[in-house]
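Numbering (the working numbering), first residue to last: 1031 to 1957.
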């Protein structure tokens, strides 16, 4: 057999085209870099398995549960062309370098490439935490083999998620609603959000009062009042008893602090009045040194949290922008649990801090940070600017813009600050008091407290200050509108004072407060909680949050995450029937087990067998699913809101219902009321429920009969507002029996077909109509929509209709808004043609010109332009469309990048449309 001639070529495979383009700049001649475009293989849907496997132990999950949980992988249809290209390039190569990311996912991609490409040349595995020349040179000197333990951990996680989702999700479909999903991390994240909302629903506010005094050192003889520095102090105790504040109450509104003085409006007002003219004096002064240390460099989790607080980025956007920065060589790898910096990075950060702020701003020794993550994954150092020397934000300002620049600046500041000196200063705390001299409070002793911090050396604060999440005390303990000076604990500078020094009260105000419920999770605080509990991986949090929002379990209200009522049903079912699988500690323990597998201390197949089948003492998932018994779906989907009023989660959304009494006549319909979509669960109080029930009209109002069809026309209240529809009677058994009989080829009659259900006509009420006043004539008009006006000169039909954004004309794909809903029935064809003869406008403006133009596409030979679309700017050549990544500003988009994005979209192929059923026949896209 002839030996293959050496070509001198070396094939390097990475995940993404952007990464391959950056790496190619730093490799010498003979290296060819290509991208796998992510994973090339995955588990197929069981329905797509070969027929001979569907009835085997592989058929249920595409995993052989009877033979070591061996996965059945297939090359993804949209990757077959890419695999063929890589195989062709490998034939001409003398060596193969697998340079996918260094985490479990990247290791698995490298392993799949080996399994599919079956190289007959030497194979090298290399990873680098950053895409710089120095990092790649170091990686070339540290080549290794694929880490089988990391691959085993990734594969175990993939199979685990398949088992979890495919066993539990069908229970949700049967008992809650179709299209729902359960997931190892997403279900626990949803439970956290729902539990917080339950706490808010159970919360009962409590009222309390306090006093704030604006005081100043007593004026000395001859001194001007303007020279005195005033400050604010908050009432701390009355007659030696601590004054109750918000943190002294529980969530039921009960005072839990022992021996605390609860001030009411009356007692607070009386005390404020009684202290007017009282002799105030300083009772104690205490001063302590203040030191604040810088935060550690970013991990994936802390980057997501801080970007949410300071840049208002979602976790998904943060990871998208960070991915682009990494692939283009600006930052180190963005999926990491480590807070450590390399020696080169520490040197770079200290050098830059010294150059920018002065040598006194760096400590004598480098700072070392230990990971605080409960499950710190192997892999990389902290997220930092790339390179052995850092580029300042000013140096990259011309290369980056928009979100990319803002995130790079945040990472740069945090990294440099992490190697700077502590901020130093002093904190002074003063106690002052007086005895009330008049009124009902006469003789009562009142002691106030104030504190202030003075920073004498800013240290790391010169570069960066960490943000923080909302806590209850932010709103409960405000000063209530006091003016001037600095309030207790707000960090302002206090005047120099000594014990016994007389003070003058310039103003004393009484302020009412109300305890606040626990704040809802934001993306930042949810990420923080998940990491603190050791649930999931920070690298997957963005996808997890996106999933629970896409599934309708959670929606964003500003930055707060609000659960839906369907999330309440899902969590309740999981808690009652799959308790372990949404238990926080159990889920965290699974992550620890995956870490042990990654470290080579356990085998994935053994762990999966225990998880799925259980053992003599612990039931497995399949045992639990098979032994569920009967689940009362109505009970699972019900929440008592008030005595006699229950919220139910139905097919078309949540609604309120008053259960019927036991002696109600048969056929009596219970009273019901729709729940507004924008009403958060904690806002559906007993009072609000009663209001909705009282304001809801009849569910259905019969308007009459359609003279042409004989169908009854009714008006209803629906999830999206009031509408009219027709009631189509079902076929009688006699009508079904009278249908033509079809026969098999052998002459035997086929069983009667199930009648095809005819979809009734519907029409939303105009804004000028209401359920109480709509007439049969108006309803019949609405049911005729869309109204056909005629055709244009080319034979294109023009219709007038109503839509989500108001009334409009439609001609093919060209829509034009019209003035009012009533015009739908009066506009003529001539008027419509006149509207279409004008340039198309959006919001009253002529349609905008392309945002950018990049010449012809080399593949389609059509012009590439960037347009503004309904969901943001997108790139198109008239054939293929791709949304401009949120991490990319239009100004920084290049022709090369536009061509690359269009090529990636083409490589993925068209989006598969779901199977649709029409007239009893099933039509599926080509496979």
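C-beta: ideal position from N, C-alpha, C; glycine also. What you are looking at is a predicted structure, and each value in this text was computed from that prediction instead of being measured.
- Considered as a whole, the stretch 1305–1393 harbours 1330–1340, 1345–1357, 1373–1387 as its complete alpha helix (DSSP H) runs of no fewer than 4 residues, in chain order.
- The count of Cβ pairs closer than 8 Å, one atom from the stretch 1416–1425 and one from the stretch 1349–1367, reaches three, so the stretches are in contact.
- Straight-line spacing of the CA atoms in residue 1646 and residue 1653 works out to 12 Å.
- Under the DSSP assignment, residue 1910 falls outside any beta strand (DSSP E); it carries neither an H nor an E label.
- Scanning the stretch 1589–1656 from its first residue to its last, the whole alpha helix (DSSP H) runs of 4-plus residues come out as 1595–1607, 1614–1628, 1634–1643, 1651–1656.
- Beta-bridge analysis with DSSP links residue 1239 to 1542.
- By the criterion of a C-beta distance shorter than 8 Å, residue 1194 is surrounded in its chain by 1212, 1213, 1214, 1611, 1651, once the five residues flanking it on both sides are discounted.
- Within the same chain, and ignoring the five residues on either side of residue 1437 in sequence, the residues whose Cβ sits closer than 6 Å to its Cβ are 1351.
- Between residue 1587 and residue 1670, the alpha-carbon positions lie close to 24 Å from each other.
- Around the beta carbon of residue 1050, 16 or more other beta carbons lie within 10 angstroms, which makes this residue buried.
- Going by DSSP, residue 1567 is part of no beta strand (DSSP E) at all; its letter is neither H nor E.
- Under the DSSP definition of a beta bridge, residue 1483 partners with 1457.
- With a cutoff of 8 Å on beta-carbon distance, residue 1216 and residue 1554 are scored as not near each other.
- Between the alpha carbons of residue 1722 and residue 1705 lies a gap of roughly 8 Å.
- Per the coordinates, the alpha-carbon of residue 1832 lies some 7 Å from the alpha-carbon of residue 1851.
- Excluding residues up to 5 positions away in sequence, 1312, 1313, 1314, 1315 lie with their Cβ nearer than 8 Å to the Cβ of residue 1529 in the same chain.
- In the displayed model, residue 1796 falls within coil according to three-state DSSP, outside both helix and strand.
- Of the residues assessed, residue 1756 falls on the buried side of the cut-off, its CB having 16 or more other CB atoms within 10 angstroms.
- DSSP places residue 1771 outside both helix and strand once states are collapsed to three, so it counts as coil.
- If you draw a straight line from the Cα of residue 1390 to the Cα of residue 1323, it comes to about 15 Å.
- Annotation for residue 1135: 1184 place their beta carbon closer than 7 Å to its own, counting only its chain and skipping 5 residues before and after.
- Under DSSP, residue 1704 forms a beta bridge with 1685.
- Residue 1810 has its alpha-carbon roughly 50 Å from the corresponding atom of residue 1079.
- For residue 1191, the enclosing alpha helix (DSSP H) stretches over residues 1178–1205.
- Distance check between residue 1535 and each of 1070, 1310, 1761 places 1310 closest, using alpha-carbon atoms only.
- The beta carbon of residue 1037 is closer than 8 Å to those of 1122, 1123, 1124 in its chain, skipping five residues each way along the sequence.
- Pairwise C-beta distances place the stretch 1071–1078 out of contact with the stretch 1053–1061, as fewer than three of them are shorter than 8 Å.
- For residue 1246, the secondary structure class from DSSP, reduced to helix, strand or coil, is strand.
- Contact between the stretch 1124–1133 and the stretch 1157–1166 is present: 3 or more CB-CB pairs across the two stretches fall below 8 Å.
- Residue 1903 is not a Cβ neighbour of residue 1354, given a cutoff of 8 Å.
- For residue 1267, the enclosing beta strand (DSSP E) begins and ends at 1261–1268.
- Residue 1565 sits away from residue 1582, with the two beta carbons spaced by 8 Å or more.
- Proximity to residue 1607 across 1641, 1662, 1579, 1634 peaks at 1662, based on C-alpha coordinates.
- The bridge partners DSSP lists for residue 1420 come to none.
- Across the structure, residue 1143 and residue 1108 are spaced so that their CA atoms are roughly 15 Å apart.
- Relative to the Cα of residue 1538, the nearest Cα in the group 1483, 1466, 1287 belongs to 1466.
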